[in-house]
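Protein sequence lines correspond, in order, to chains A and B. Under my numbering, the first residue of the first sequence is numbered 8, with each subsequent residue one higher. Under my numbering, the first residue of the second sequence is numbered 8, with each subsequent residue one higher. Here a beta-carbon is modelled for each residue, glycine too, at the ideal position from N, C-alpha and C. Each remark here refers to the structure printed beneath this line.
Number of protein chains: 2
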Amino acid sequence: MLLELDFSSDTPIYMQIRNSIVVGIASGELSAGEKLPTIRGLADEAGVNMMTVNKAYSLLKQEGYIVTDRRNGACVNPDINTAKAYGEEEINKLKLVISEMKLSGVTEEEFLNICRNIFREKE
Amino acid sequence: MLLELDFSSDTPIYMQIRNSIVVGIASGELSAGEKLPTIRGLADEAGVNMMTVNKAYSLLKQEGYIVTDRRNGACVNPDINTAKAYGEEEINKLKLVISEMKLSGVTEEEFLNICRNIFREKE
DNA sequence: TTCTCTGTATTATAAAGTATAATACAGAAC
DNA sequence: GTTCTGTATTATACTTTATAATACAGAGAA
């Protein structure tokens, strides 16, 4: 698992970890059921506290992206519910990104192409 | 200016204000050169502290979205630089939204249609 | 058994970010 | 002068974030 953390970012570390894993699952870099690093292992590797990784894993578990087992550790949820509705929060985040890129001069077609590429990105 | 603040959100108030204005400019709700509410006025209206609004305006000014004048107050920058490159940060935010919606079961075509609608949204 | 690994929980602490409050100043408009 | 503007300063309180040091229960391996 590639995990790039930006300690000077305004995004909290635990959220960066959470985001990396979500993106990894969506891109196929992490496959359904795949074993994730242990909390302690990832904390060591990333140079952060165990509880910071734990916070990320707890959030991912609560969101249904991963499952945890005291025996085997954490795994990507082998059966993520792809029938759940996206929230208004996602739409608002999307609106914001589109607004910012629009004001950077990105045209609709350029933007859609960027999205197409990201959508099709495989590991 | 419509301004909906969610005080229970994990997004700071000053950032919500900043985001609302960015979206407003991009959608055309706020036009180039248009006068914005005064810091004190908006603070009163929104029920927040003056310095919170000031923080949002300072950020918007620094980002080039608005200009300020001690005489007239703050205005939408009449000449926003639409030739500036979008940052990697925007791409990462976009990747995250796409990932989350993908994992909610949204197909590529559905997603592109949502984007098209947002992109064309006028006030 | 004993040892080691897993996620989880607790408690304490430090540091940073956020928001409020009360003022004050400089510049321009009236 | 008075009033408005953005801006600046200082202090305070609260929340969030991250670390640290432990500890526990359950399961696997020696």
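| Asked | Found |
| --- | --- |
| Following the continuous beta strand (DSSP E) through Asp76 of chain A, name the residue where it begins and the one where it ends. | Ile73 to Asp76 |
| Does the CB of Arg47 of chain B have a neighbour CB from chain A at under 8 Å? | no |
| Leu66 of chain A CB to nearest chain B CB: under 8 Å? | no |
| Should Arg47 of chain A and Met57 of chain A be called a contact, given that it needs their Cβ atoms to be closer than 8 Å? | yes |
| Can you give the beta carbon distance from Glu97 of chain B to Met108 of chain A, rounded, assuming they're within the 8 Å contact cut? | 6 Å |
| Which of helix, strand or coil does DSSP assign to Lys42 of chain B? | strand |
| Answer with buried or exposed for Ala33 of chain B, where buried requires no fewer than 16 other C-beta atoms within 10 angstroms of its C-beta. | buried |
| If we require 3 or more residues per run, which beta strand (DSSP E) segments fall completely within the region 53-112 of chain B? | 73-76 and 80-83 |
| If you measure beta-carbon to beta-carbon, which residues of the region 80-105 of chain B are closer than 9 Å to chain A? | Ile87, Asn88, Thr89, Ala90, Lys91, Ala92, Tyr93, Gly94, Glu96, Glu97, Ile98, Asn99, Lys100, Leu101, Lys102, Leu103, Val104 and Ile105 |
| At least one CB of chain B closer than 8 Å to the CB of Met57 of chain A: is that the case? | no |
| When the Cα atoms are used, what is the spatial distance from Cys82 of chain A to Ile121 of chain A? | 30 Å |
| Check for me: the alpha helix (DSSP H) holding Phe126 of chain A runs from which residue to which? | Glu115 to Arg127 |
| Hey, could you find the ends of the alpha helix (DSSP H) Ser34 of chain B is sitting in? | Ile20 to Ser34 |
| Check whether the region 110-118 of chain A touches the region 68-83 of chain A, taking contact to mean three or more Cβ pairs, one atom from each stretch, closer than 8 Å. | no |
| Is any beta-carbon of chain B found at less than 8 Å from that of Ser15 of chain A? | no |
| Going along chain B, which residues have a C-beta under 8 Å from Leu37 of chain A? | In chain order: nothing, as chain B lies at least about 11 Å away. |
| Along chain A, in chain order, which residues have C-beta atoms closer than 8 Å to that of Ala33 of chain B? | Ile105, Ser106, Glu107, Lys109 and Leu110 |
| Among A:Asn84, A:Lys68, A:Tyr21 and A:Ser111, which residue has its Cα nearest to the Cα of Gly35 of chain A? | A:Asn84 |
| Among B:Leu119, B:Ile125, B:Glu41 and B:Val60, which one has its Cα closest to the Cα of Val74 of chain B? | B:Glu41 |
| Find the residues of chain A that neighbour Val113 of chain B, judging by a C-beta separation of less than 8 Å, and give them in chain order. | Tyr93 |
| Glu67 of chain A: buried (16+ other C-beta within 10 angstroms of its C-beta) or exposed? | The question names Glu, but residue 67 of chain A in the sequence shown is Leu. Classification of Leu67 of chain A: buried, given that the 10 Å Cβ count is 16 or more. |
| Three-state secondary structure (DSSP) at Leu49 of chain A? | helix |
| I'd like the list of long-range same chain contacts for Val29 of chain B, defined as Cβ closer than 7 Å, with 5 residues on each side in sequence excluded. | Tyr72 |
| Under the assumption that Ser106 of chain B contacts Thr89 of chain A (Cβ atoms under 8 Å), give the Cβ distance between them as a whole number of angstroms. | Going by Cβ atoms, the distance from Ser106 of chain B to Thr89 of chain A rounds to 12 Å, so no, they are not a contact pair. |
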